[in-house]
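In the numbering used here, the protein residues as written are 52 to 340.
All C-beta atoms, glycine included, are put in the ideal place defined by N, C-alpha and C.
Everything numeric in this text was worked out from a predicted model, so none of it was measured.
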Ligand code: AMP
Ligand code: ZN
Ligand code: FE
Ligand code: FE
């Protein structure tokens, strides 16, 4: 009986280095009971995983997506778990994000060039091709970081963020975002459960201020919180479990696996007990279908 799940992973459909089928194979090798693919702004990897999932009868697959929302002072990401990728409202929202990235990436590259860094869009696309093949790929900062690494400007993807691409760094360009309520509504309209991802990244700490804010999100339709995440301490995880219980939110968790683009994070880490999943998420990971 498999007892652990990972409901937050990325593939080459966005900025992970493993193809969707590779992510699910790795989740099976890690003996997980369930895995969700949650690429940034795209559901393009889900069809490939569904096809591969037939090879892994002991693993339940949960289709997902990760969407950024407007938030000052920190980063807000909302996961949609159990998503129907054909739902028209969600498709329309994701399409606008891809268009916005098409405008944003050249602006980042122009800033790098102004700083004397000699890379162009072709270098970025070539760098993205170093990752496993993808049917379609959302190009973003991780691919620009990989181009900087390939060209010898930095030693690692994380150094590229520290020196150039991170929030507030010299080549940073803001991303088009929707209000949290709009993201939550688009996710709900697709039949998915909206989850506040990695609450630590909001920058509100893990005390009263965070709890008040999460309560506001719950009023706007949020129904779950990612209590377990590779960047949470055990104390923070317990705190988020308490907040979930107090606010009546369901609980989920995952690694935020990106393959070698995030070398310190492996699939299935931290260990997220299947039994800790509550509400609609318990149904999603139950499998047996
Ligand atoms: P984008 O959606 O293009 O703005 O890129 C966001 C991606 O960049 C996410 O996958 C993050 O995991 C990644 N990212 C953000 N900050 C860092 C960092 N300091 N080091 C490595 N990856 C990062
Ligand atoms: Zn990512
Ligand atoms: Fe995220
Ligand atoms: Fe993520």
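Counting Cβ pairs, one atom from each stretch, are 3 or more of them under 8 Å apart for the region 249-263 and the region 140-160?
no
Considering only the alpha carbon of each residue, which of 208, 204 and 306 lies closest to residue 81?
Closest by alpha carbon: 306.
Evaluate residue 225 with the Cβ neighbour count: other Cβ atoms within 10 Å of its Cβ, from every protein chain shown; 16 or more gives buried, anything less gives exposed.
exposed
Verify the contact flag: residue 148, CB atom, against every heavy atom of ligand 1, threshold strictly below 7 Å.
no
If I measure Cβ to Cβ from residue 313 and keep anything under 6 Å in the same chain, skipping five residues before and after, which residues do I get?
none
How would you write the range of the beta strand (DSSP E) that residue 128 sits in, first residue to last?
127-132
How about residue 170 and residue 193: are their beta carbons less than 8 Å apart?
no
So does residue 128 have its beta carbon nearer than 7 Å to some heavy atom of ligand 4?
yes
As a quick exercise: from 227, 284, 287 and 279, pick the residue whose alpha carbon is nearest that of residue 155.
Cα-wise, what sits closest to residue 155 is 227.
Run through the region 98-175 for me and flag every whole beta strand (DSSP E) of 3 or more residues, listed as ranges in chain order.
List check, beta strand (DSSP E) in window: 111-120 and 127-132.
Just the C-alpha distance for residue 164 and residue 255, rounded to the nearest angstrom, thanks.
35 Å
Measure the C-alpha to C-alpha separation of residue 340 and residue 190 and round it to an integer number of angstroms.
With a pLDDT of 41 at residue 340, under the threshold of 50, the predicted position of this residue should be treated as unreliable, and no value is reported.
Between which two residues does the beta strand (DSSP E) harbouring residue 280 extend?
275-280
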